[in-house]
Amino acid sequence: MTDCKTDVVHFNCRVENRIAHISLNRPERKNPLTFESYAEMRDWFRDLHYAENVDAVIIAPNGGNFSSGGDVHEIIGPLTKMSMKELLQFTRMTGDLVKAIINCGKPVISAVDGICVGAGAIIAMASDLRIATPEAKTAFLFARVGLAGCDMGACAILPRIIGQGRAAELFYTGRSMSADEGERWGFYNKLVSADTLEAEALSLAERIIEGPNFAHMMTKTMLQQEWSMSIDQAIEAEAQAQALCMQTGDFKRAFEAFANKQKPVFEGN
403 MTDCKTDVVH FNCRVENRIA HISLNRPERK NPLTFESYAE MRDWFRDLHY AENVDAVIIA
463 PNGGNFSSGG DVHEIIGPLT KMSMKELLQF TRMTGDLVKA IINCGKPVIS AVDGICVGAG
523 AIIAMASDLR IATPEAKTAF LFARVGLAGC DMGACAILPR IIGQGRAAEL FYTGRSMSAD
583 EGERWGFYNK LVSADTLEAE ALSLAERIIE GPNFAHMMTK TMLQQEWSMS IDQAIEAEAQ
643 AQALCMQTGD FKRAFEAFAN KQKPVFEGN
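Numbering-wise, this note's numbering comes out as the position in the sequence shown, counting from 1, plus 402.
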């Protein structure tokens, strides 16, 4: 087990009080992704599964925008000149970023302001919780660049969040989903003002990490795995997961605190 890596190059990262704060670092261009930032973020989230000093992640905007997606000149242009083998390597790499976010074992909160489109919208979609400002504009605009909406798991994940019909409309038209629509449809958990966005995300992260973090890891795992299970399989998987949690010190701490009419103090083990 190791500490979370913070000496990254292609995005911003810091860890404070067991919460990792990350953001893309090209605000002058509304934070587009590049080949390098895709790969570095994928590796960072993969390693995060083993990090002992982080219990939650906040993905924040930078300069008033979340992300404008893949860089037009540094990604889309070069893609038009690649072979099929090279293209498949790229699309698998971008999909691996989503897998890494889903499988990192830590709750991930996206705090969205301004532009959140393309791969940026996918990163928000792959997060566990999403908070936004009223100015957030979210679009899965792949059709507008001649591509299918089925990018990085979008056709599997987005309908589960907002429903099949709503997701289909966004995919086919490439239009922006307003912040109000996003909240009403369940994409955003909450809308807050821009000047309180990161404070609200931090407050939510702090509330989460005060809880039993081993159990939170189990919750995140089950939330993802049970989509591909039958009801019987899900009930059995949850029985096994809960039995594991019942062996933790946090379960015993909770019982002892409640028995003594005190608030439990969880330690994540």
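Glycine included, each C-beta is placed from N, C-alpha and C at the ideal position.
Whole-angstrom C-beta distance between residue j and residue i, which should lie under 8 Å
{"i": "K539", "j": "I517", "result": "6 Å"}
{"i": "G576", "j": "A534", "result": "Not confirmed; about 19 Å, so no contact."}
{"i": "N467", "j": "K432", "result": "4 Å"}
{"i": "L543", "j": "G520", "result": "6 Å"}
{"i": "K622", "j": "D498", "result": "Contact flag wrong, Cβ pair sits at about 18 Å."}
{"i": "I478", "j": "V547", "result": "7 Å"}
Bridge partners - residue i, DSSP secondary structure assignment
{"i": "G472", "result": "L435"}
{"i": "C406", "result": "C406 pairs with nothing; no bridge assigned."}
{"i": "C518", "result": "S469, T540"}
{"i": "N615", "result": "None, per the DSSP bridge assignment."}
{"i": "F672", "result": "Outside the modelled stretch of the chain, which goes from 403 to 671, sits residue 672, for which no answer is possible."}
{"i": "L599", "result": "Beta-bridge pairing links L599 to no other residue."}
{"i": "E418", "result": "I421"}
{"i": "K487", "result": "BP columns for K487 are empty, so no partner."}
{"i": "V510", "result": "V459"}
{"i": "I559", "result": "None, per the DSSP bridge assignment."}
{"i": "L593", "result": "A534"}
{"i": "A453", "result": "T404"}
Whole-angstrom distance between residue j and residue i, CA atom to CA atom
{"i": "C406", "j": "A462", "result": "17 Å"}
{"i": "E418", "j": "E537", "result": "28 Å"}
{"i": "Q644", "j": "F657", "result": "15 Å"}
{"i": "A550", "j": "F573", "result": "8 Å"}
{"i": "R416", "j": "I503", "result": "17 Å"}
{"i": "A581", "j": "Q491", "result": "33 Å"}
{"i": "A639", "j": "M624", "result": "8 Å"}
{"i": "K435", "j": "A659", "result": "Here residue 435 turns out to be Leu, not Lys, going by the sequence shown. So the two alpha carbons sit approximately 46 Å from each other."}
{"i": "N464", "j": "A661", "result": "46 Å"}
{"i": "R428", "j": "A541", "result": "19 Å"}
Residue i classed as buried or exposed, judged by whether at least 16 other C-beta atoms fall within 10 angstroms
{"i": "R532", "result": "buried"}
{"i": "A526", "result": "buried"}
{"i": "M579", "result": "buried"}
{"i": "F413", "result": "buried"}
{"i": "R609", "result": "exposed"}
{"i": "M554", "result": "buried"}
{"i": "Y590", "result": "buried"}
{"i": "T482", "result": "exposed"}
{"i": "S605", "result": "exposed"}
{"i": "C506", "result": "buried"}
{"i": "K665", "result": "exposed"}
{"i": "S632", "result": "exposed"}
{"i": "D515", "result": "buried"}
Closer than 7 Å: residue i CB and nearest the ligand MG heavy atom
{"i": "E476", "result": "With respect to the ligand MG, the structure offers nothing, as it holds no ligand at all."}
- Query: Does the segment 614-624 come within contact of the segment 646-660, defined as at least 3 CB pairs closer than 8 Å?
  - Reply: yes
- Message: I'd like to know if the segment 589-598 and the segment 616-630 are in contact, where contact means that at least 3 CB-CB pairs between them fall below 8 Å.
- Response: no
- Using 8 Å as the threshold, is the segment 443-456 in touch with the segment 468-488, meaning 3 or more CB pairs across them? no
- Three CB pairs or more closer than 8 Å across the segment 474-484 and the segment 583-591: no
- Message: For the structure I just gave you, are there three or more beta carbon pairs, one from the segment 419-429 and one from the segment 451-459, closer than 8 Å?
- Response: yes
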